[in-house]
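Structure first, then comments.
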Amino acid sequence: MKQPYLVLIESEEVKRNKTKLNIPGIYNFLPHVYDALMKLPFYCGKLAEDDDINMIKIQDVFQFYIYDFPFKIRNIYSLMEIGSYADAVILYRSLIESFIFYKYYILRKDGHGLSKYILRESKKTLKDIFECVIPGYYNDIYSELCKFTHGNPLIQAIFRGNVSKDKPLKSNINNINIDWFSYIHNQLIPLIIGVTEMYKIVFPNNIIKNDEILIKDLEYVYKFINDDIDYRKEFFITQLPMINYYNKIIRMNLDTN
């Protein structure tokens, strides 16, 4: 009998291959995502004027989020490739949480408020912020994502990567589950557009237009994501409430005051 560690390593390779064979289109899409997003921190252009204290504070902290963003995406897909779907959700939850409070304060041009929130000196709760940015999302989606982070045993049992979709009580270390992959992927890709659009607001003097390859990569990414959302809107009616949330993530506005 092989040592468990060797079995683990071999199973990861098996699951990677299975995943790539089942969803090849995503692997044509992801290189454009990484190429585009990894360039953005270096294309900010001229920063805020010295007297624009609110924007200076926003740019000062958002630069770290935009730099880390493509690496987080890479980690999420790497985890999903080996069937670690629950761990991938935990990373996604951290991305969407940060995105929501950045969006709330950035669209208000409130760098002071953002700094206070990050330092835990604000009376504004995360739920309050979610309700202003995407009403309903906190209770419908975010609370479910939190179950992964807080070790809910039911979620841990269901989202084990080795559980068979057809026979939940039967497990195999080489199993993958494309439905669980899609659950995370479908939520993640609108966030890519949302973060990129937010970047353009935070860095209005960006020099993206100077790089033709970057422009083409972004056009490819936007088209892939928007086409995917349009396709599911047409052929998967039951997903319309979720798609409505995706559109609110992408759009750079606030629904309430």
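For the sequence shown, the working numbering begins at 3 and goes up steadily by one.
Yeah, the Cβ is synthetic: ideal placement off N, Cα and C, and Gly gets one too.
Quick caveat: nothing in here was measured; it's all calculated off a predicted structure.
For the pair V9 and I180, the Cα-to-Cα distance works out to about 22 Å. Distances from the alpha-carbon of P72 to those of Y185, M40, K218 and A50 put M40 closest.
Secondary structure note for I75: its alpha helix (DSSP H) is the uninterrupted segment I55 to E83. The continuous alpha helix (DSSP H) containing D130 extends over residues L128 to V135.
About 4 Å separates the Cβ atoms of N56 and G113, confirming a contact at the 8 Å cut-off. In this structure I194 does not touch A88 by the C-beta definition: roughly 22 Å separates them, more than the 8 Å allowed.
The closest CA to that of D219, considering only F237, T198, V16 and F64, is found on T198.
Between Y139 and Y247, the gap from beta carbon to beta carbon is short of 8 Å. Considering only D232, R18, F103 and Y233, the residue with the shortest C-alpha distance to N177 is R18.
For a cut-off of 8 Å, the C-beta gap from I108 to I58 is around 13 Å, too long to register as a contact. Each residue's CA atom was taken as its position, placing I251 and V223 some 16 Å apart. Note on geometry: alpha-carbon atoms of K235 and L242 lie some 6 Å from one another. By the beta-carbon neighbour count (other beta carbons within 10 angstroms, threshold 16), F44 is exposed. When the alpha-carbon of E99 is set against those of D53, L256, A50 and Y144, the nearest one is in Y144. Inclusion of I203 and I210 in the CB contact set at 8 Å is not warranted, their separation being larger than that value.
Approximately 5 Å separates the beta-carbon atoms of F103 and I131; this is inside 8 Å, confirming the contact. Each residue's CA atom was taken as its position, placing I75 and E123 some 29 Å apart. Here Y29 is exposed: its Cβ has fewer than 16 other Cβ atoms, across all protein chains shown, within 10 Å. Within the same chain, Cβ atoms closer than 8 Å to the Cβ of K111 are found at N56, M57 and I60, the five residues on either side in sequence being excluded. The distance from the Cβ of I84 to that of E12 is about 11 Å, inconsistent with a contact at the 8 Å cut-off. Separation of P33 and G27 (C-alpha to C-alpha, rounded to the nearest whole angstrom) is 11 Å. Residue environment for F205: buried (at least 16 other C-beta atoms within 10 angstroms of its C-beta). Note on geometry: alpha-carbon atoms of L81 and I215 lie some 29 Å from one another.
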